[in-house]
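Which chain is which? The protein sequence lines are F, E, Z and H, in order.
Position one of the first sequence corresponds to residue 139 (this note's numbering), numbered consecutively onward.
Position one of the second sequence corresponds to residue 139 (this note's numbering), numbered consecutively onward.
Position one of the third sequence corresponds to residue 139 (this note's numbering), numbered consecutively onward.
Position one of the fourth sequence corresponds to residue 139 (this note's numbering), numbered consecutively onward.
Please read the structure below before turning to the comments.
Number of protein chains: 4
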Amino acid sequence: MAPQTVNIGVVGLGRMGKRHVHTLVNRTPRATVVAVCTNMPHELEWARNNAEYKEFDIAIYEKYEDMLNHPGIQAVWVSTSTDVHAIQTKLGIQKGLHVMCEKPLSIHLDESQEVIDLAEKHPDLKVMAAFSRRFDASYRDAAKKVLVERTIGKPYMVRSQTCDLLDTTGFFVRYATRNGGIFVDCAIHDIDLTLWFLDNPVPKACWGTGTLQHHPELAASDDVDNAVGVVEFWGGKVAYYHCSRTQAAGHDVSTEITGTEGKISVNLVPRANNVIVNDKRGMTHEVQEEYWQRFEYAFETEANEFIGSIVNDSPVPVPLKMGQKVMQIARALQSALWSGEVSKWNEKGELIYEGKKETGMNGHAK
Amino acid sequence: MAPQTVNIGVVGLGRMGKRHVHTLVNRTPRATVVAVCTNMPHELEWARNNAEYKEFDIAIYEKYEDMLNHPGIQAVWVSTSTDVHAIQTKLGIQKGLHVMCEKPLSIHLDESQEVIDLAEKHPDLKVMAAFSRRFDASYRDAAKKVLVERTIGKPYMVRSQTCDLLDTTGFFVRYATRNGGIFVDCAIHDIDLTLWFLDNPVPKACWGTGTLQHHPELAASDDVDNAVGVVEFWGGKVAYYHCSRTQAAGHDVSTEITGTEGKISVNLVPRANNVIVNDKRGMTHEVQEEYWQRFEYAFETEANEFIGSIVNDSPVPVPLKMGQKVMQIARALQSALWSGEVSKWNEKGELIYEGKKETGMNGHAK
Amino acid sequence: MAPQTVNIGVVGLGRMGKRHVHTLVNRTPRATVVAVCTNMPHELEWARNNAEYKEFDIAIYEKYEDMLNHPGIQAVWVSTSTDVHAIQTKLGIQKGLHVMCEKPLSIHLDESQEVIDLAEKHPDLKVMAAFSRRFDASYRDAAKKVLVERTIGKPYMVRSQTCDLLDTTGFFVRYATRNGGIFVDCAIHDIDLTLWFLDNPVPKACWGTGTLQHHPELAASDDVDNAVGVVEFWGGKVAYYHCSRTQAAGHDVSTEITGTEGKISVNLVPRANNVIVNDKRGMTHEVQEEYWQRFEYAFETEANEFIGSIVNDSPVPVPLKMGQKVMQIARALQSALWSGEVSKWNEKGELIYEGKKETGMNGHAK
Amino acid sequence: MAPQTVNIGVVGLGRMGKRHVHTLVNRTPRATVVAVCTNMPHELEWARNNAEYKEFDIAIYEKYEDMLNHPGIQAVWVSTSTDVHAIQTKLGIQKGLHVMCEKPLSIHLDESQEVIDLAEKHPDLKVMAAFSRRFDASYRDAAKKVLVERTIGKPYMVRSQTCDLLDTTGFFVRYATRNGGIFVDCAIHDIDLTLWFLDNPVPKACWGTGTLQHHPELAASDDVDNAVGVVEFWGGKVAYYHCSRTQAAGHDVSTEITGTEGKISVNLVPRANNVIVNDKRGMTHEVQEEYWQRFEYAFETEANEFIGSIVNDSPVPVPLKMGQKVMQIARALQSALWSGEVSKWNEKGELIYEGKKETGMNGHAK
């Protein structure tokens, strides 16, 4: 008996696309990568010279539509820039393929709703939102303690930060013009964790602000490189976030969940590994350079669980619509950042007020 | 030659008053505690039975005015509840005594301004605001690194929290009705640290929210037991805070200062001492029970520097008016918490808008 | 072009054998597990009911000789008890197969020398000693810093401990009668690290002692459940070790390398993951339960590098004879423990004195 | 009623003598420093120019005998070099004064026995051995957990290290010729902690070795700058130590106590304060420079408890003879280091064998 495998194609060969291929080839025994696709010339060239791709007989496409027609393909992994996530996911579904879609589905809520609606019409297909932190061993342990073992009583507060290493190459800035603003691009994992740990609370009000410290060119797209936001939920729950593109030591992503009887923190002190150097300066440990080093094995779990849901015809671990709730809050924080005004929801979770970008009193946005 | 000492009286023998007497007797060689004062019967009885007070010949008064007339008294330490700080400080100044006044001077900005004005008319007297964290060795080391050595480049963000151990006796709740709200009572050290580390920035806007988790009786005084606030400053600086009365493990006070080239954290992982226990549960260290355990030696430094400023006729280390700026921000956060609206300042630091308490949309405040 | 893979069989399906199969199937894309072998009835039954083994079409053998004749088999992984490592390795080599052999090769130096000699006669075969810590990311980072970047100057001291969680099932005790004593069974990774980090020093003298705390039945095999040993090397280098079978919190394996200009520690504070729980007791993190949790990804690297050395016909990362040097020191520590006397080597590394087991003055050994 | 105070003189104004005066003046309210004494010209000059000494009216003597005649003197604190501890303690006792004597009393066991005998003839005098770690809050918390709360079951093993910052001035080397060797000078606190935490066990055998890394001139006095030793006690208890003069980061003093149900560590990760710096290198905290920074407040407790035992006529917290047991073990480790042979005791704790220095096989000693 041979193992039941899934033939998968990966679209997008940026930093993460390459890594997803690596994970699928090396650590996902039931996945067979049959094709990759990119329209970026330097990525194409890189792929064509890649020994591993040759060895594992991976076809290389320039056009997404062509890859969708690759013989025997069963699933696609969408790892492109945010602006084409929705259309590529829709095309995959329409071709009858299972789809893993990197977050966020879209920065336009109506566009992402269309995809969700389309997916619901194809219940036989596994269409999944890639909220990778939900597959991390530490977050899962925290969730078990908070939600199952009730270690901290009733959870009511989340502090979470996504602080990236300063990218002096400016790569991310070029990319940032497409991504909907810092809260949309950076905080959505933190918001997702909040909904998870606080058991799907309904937002009530939020506010945020930010600053530009290293990337003044972001002002042209009304963006900042550091932002802080607070979200109040109905029922006395609160979350607050720090997003940063400019950390000196590395990727500093930590989360604290406070409950009536305790607090759980995840990665409060980020460490690249178990090594400490004692020298004249004191005791030093390194910090992971970026989220890959922090979440490498979460991506392995994510890939295996997605492939497993196809092989076993079981529900995907993170439904596509989860991303929609997260995006609503991220957008409202972004509105607050741009306008300086509080965004408000009613008890049904319907957004009843948000400031207009043009009303912006904040120097960073105007 | 005998050491030049200062005869000092302490008013207020609550938890902190007792501790200040202890510090003055045991660790402040140039101070001589000649008197204490309290109008609380159980504190009076405690003091009258105190062997150390007898041994060190400390007079015990019920009336503050009487203590001010104690023969040879040169200074007073005001350690009562906030509502009498201002009047007791004024009376001390008017008697020609040096005064150390616990924070905050008053929750009413006009009242505290009166005291500041009075103190300025008596430049020969040392009148000092007791912002104790400024005397803590770790915060001083952080300040040296941030402000002198410029270790982290230009500082632009502060995260700071004052999270107290849950007080199941309800003591603090009874006290809380006098203290002006959680941001005024808890966040003012965090705000003071912000002004210190960000080099006296001018506030621009702030918002905050909160929740009641353990002390529903606080609703009667429009207060919460956990609050989160964000302050934006002119010039692209940001601070955010968490105040809590309900921590399970102990006194969890940490501060992070982020700059363009690094970040400094103070007490990110609070530890009662150097002991770790390994047992079936894992590795555990205790957390300081309250701010005394955390700041015991800061109080020693504070006391010696106050006495030193008298002996040497040098400026007090923390001028009285510093408290005024801090209080303005704390009050504006409190207004935001009560009203749900953003408080705003102009570039001169004049408050130009704050929501009214009555407009409060927040369930916790109404 | 299909990936070049290696057909491998695993002998021994104890805790580690199962895990090696898991790693080879899930994280070693160039390995194909074609067979497993065990003569333990309960392991056989477990294997025959294993869904993954069926899915991946893994043949199950009772007799090692039969597995060696499995069609197409190219390599074996010897993961049995120590007493058959040598003979199984020899049989594999004689069949013309590549062999990965769990440490130690043998507790008898002459027997292991025979295997080394045999392997040297088959330079075409990859025969490797499984010193798994050499594949751990943290130890590799430490080695890079110590040996390449010279971060700590000249290294001269190693402290290393292998402290296992107390096994209340008594499993290990039954196993221990075959394994040559605590220094041979537990310290050989620590000794291997010492030779690595101190650049193959020549031993000069060693002494050790121990105690029986939880497993008095070990006295029957002259063993202890905790031991401490010191090794002096020619040229002023020193190493010292703690081996324990009885830790309460988990698997506590740490190593410190001290040099003339600094110190590097690996895993000084063992952590199961990034989660910390704050509750009434303080702040607690869990410890890995056993070496699998600590070294899971080291085993992945080890498996891929062994398979890689076959595919690429490159030298194995840890030569078989490395184990021989390590075993000599472990045996000398064991002699010191048994006899209470110092074991001594000359400058060529020839053992010139060791106490006899019968002379033992130590209560634990007699 | 005036506080009951003790007039005390301090002999020795080296690093620690100065600090003891500082502690006695600033943090020991019942002590009055009336005199200091030193025969070192530069210390005399420093003292004569010291403003605090003038202010507190502290007499300065060149001759110890003269200080003993200072009017009203009641106690002396002996803080000189080890070679005169015994004689100065005896002279103090003979003058009818209470004496605090820095460790060790003497490196000659017969000399220290004489002092102990003399002290026992003067039961009215408080004569105390200054084992300062017994006054440290963390060690006391560990002792409460180990000995009173039995947190770790039955304690059976101690690992303890006293590792000092490299002293590039060479000061200590000049001092070292008087101090009896590295185990006598450095390990006696660790041995004292062992006797405390393991409840006064009887030694059975010990061995040690060392190396010279930074101070080759120590070879002239048969000393090393790093040493490791193991002590086996009757009843299955074990302790092992690392002494170092050559650490890069700072004063690294940690202790682990292992019991049948857990382990307690003290200062496993040494930290100068609560500050962590994040920068390009990673996360760094400083280490205390020397034992003063680590034990500053232990010295305060020690001073107050010594003075308290005089004021209250209560037993001294650490009897003089405790030092004698400690010294016996330190000397036996030193013999092992010098001779390369195991030192042995019988069950009564009588030393029955130690190698002769001349037999030394160890290159570092010969």
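Using N, Cα and C, we set each Cβ at its ideal position, and we do this for glycine too.
How would you call residue i, buried or exposed, if buried means at least 16 neighbouring beta carbons within 10 angstroms?
i, result
"GLU438 of chain Z", "buried"
"LYS401 of chain F", "buried"
"PRO179 of chain H", "exposed"
"PHE309 of chain H", "exposed"
"LYS342 of chain E", "buried"
"SER219 of chain H", "exposed"
"PRO293 of chain E", "buried"
Using three-state DSSP, classify residue i as helix, strand or coil.
i, result
"PRO455 of chain E", "coil"
"PHE433 of chain E", "helix"
"ASN442 of chain E", "helix"
"GLY461 of chain H", "helix"
"LYS494 of chain Z", "coil"
"THR161 of chain F", "helix"
"ALA169 of chain E", "strand"
"ALA474 of chain E", "helix"
"THR218 of chain E", "coil"
"PRO354 of chain Z", "helix"
"GLN466 of chain F", "helix"
"MET499 of chain F", "Caution is warranted here: a pLDDT of 41 is assigned to MET499 of chain F, below 50, making its placement in the model unreliable, and the coordinate value is therefore given only provisionally. Reduced to three states, the DSSP call for MET499 of chain F is coil."
"LYS156 of chain E", "helix"
"HIS208 of chain Z", "coil"
"PHE194 of chain F", "coil"
"GLU428 of chain H", "coil"
Which residues does DSSP pair with residue i in a beta bridge?
i, result
"CYS175 of chain Z", "Z:VAL149 and Z:TYR199"
"ASN450 of chain F", "Looking at the DSSP assignment, ASN450 of chain F forms no beta bridge with any residue, so it has no partner."
"PHE371 of chain Z", "Z:PRO341 and Z:LYS375"
"ASN364 of chain Z", "Z:THR349 and Z:SER382"
"GLU240 of chain E", "E:ALA268"
"TRP483 of chain Z", "Z:LEU489"
"ALA213 of chain H", "H:ILE146 and H:HIS236"
Contained alpha helix (DSSP H) runs [length at least 4] in the segment 245-314 of chain Z, N- to C-terminal order
247-258, 275-281 and 309-314
Closer than 8 Å is the cut-off here; do at least three beta carbon pairs connect the segment 456-469 of chain F with the segment 324-336 of chain F?
yes
Along the chain, which unbroken stretches of the alpha helix (DSSP H) at least 4 residues long are found entirely within the segment 378-424 of chain F?
none
Does the contact criterion of 3 or more C-beta pairs under 8 Å hold for the segment 381-392 of chain E versus the segment 293-309 of chain E?
yes
For the pair the segment 345-352 of chain Z and the segment 259-273 of chain Z, tell me if three or more CB-CB distances fall below 8 Å.
no
Taking 8 Å as the cut-off, does the segment 289-303 of chain H touch the segment 386-398 of chain H (at least 3 CB pairs, one atom from each stretch)?
yes
Segment contact flag, the segment 186-194 of chain Z with the segment 209-217 of chain Z, C-beta cutoff 8 Å, min 3 pairs
no
Say whether the segment 147-161 of chain Z touches the segment 190-205 of chain Z, bearing in mind that this needs 3 or more beta-carbon pairs closer than 8 Å, one atom from each stretch.
yes
Stretch-stretch touch, CB-based, cutoff 8 Å, three pairs: the segment 336-345 of chain E with the segment 409-427 of chain E:
no
Stretch-stretch touch, CB-based, cutoff 8 Å, three pairs: the segment 143-150 of chain H with the segment 212-231 of chain H:
yes
May I ask you to verify whether the segment 340-347 of chain Z touches the segment 476-483 of chain Z, counting CB pairs closer than 8 Å and requiring at least 3?
yes
Please determine if the segment 317-326 of chain E and the segment 418-430 of chain F are in contact, where contact requires at least 3 C-beta pairs separated by less than 8 Å.
no
For the segment 222-234 of chain E and the segment 245-263 of chain E, state whether three or more C-beta atom pairs, one from each stretch, are separated by less than 8 Å.
yes
Pairing CB atoms from the segment 427-442 of chain Z with CB atoms from the segment 433-448 of chain E, are three or more of them under 8 Å?
no
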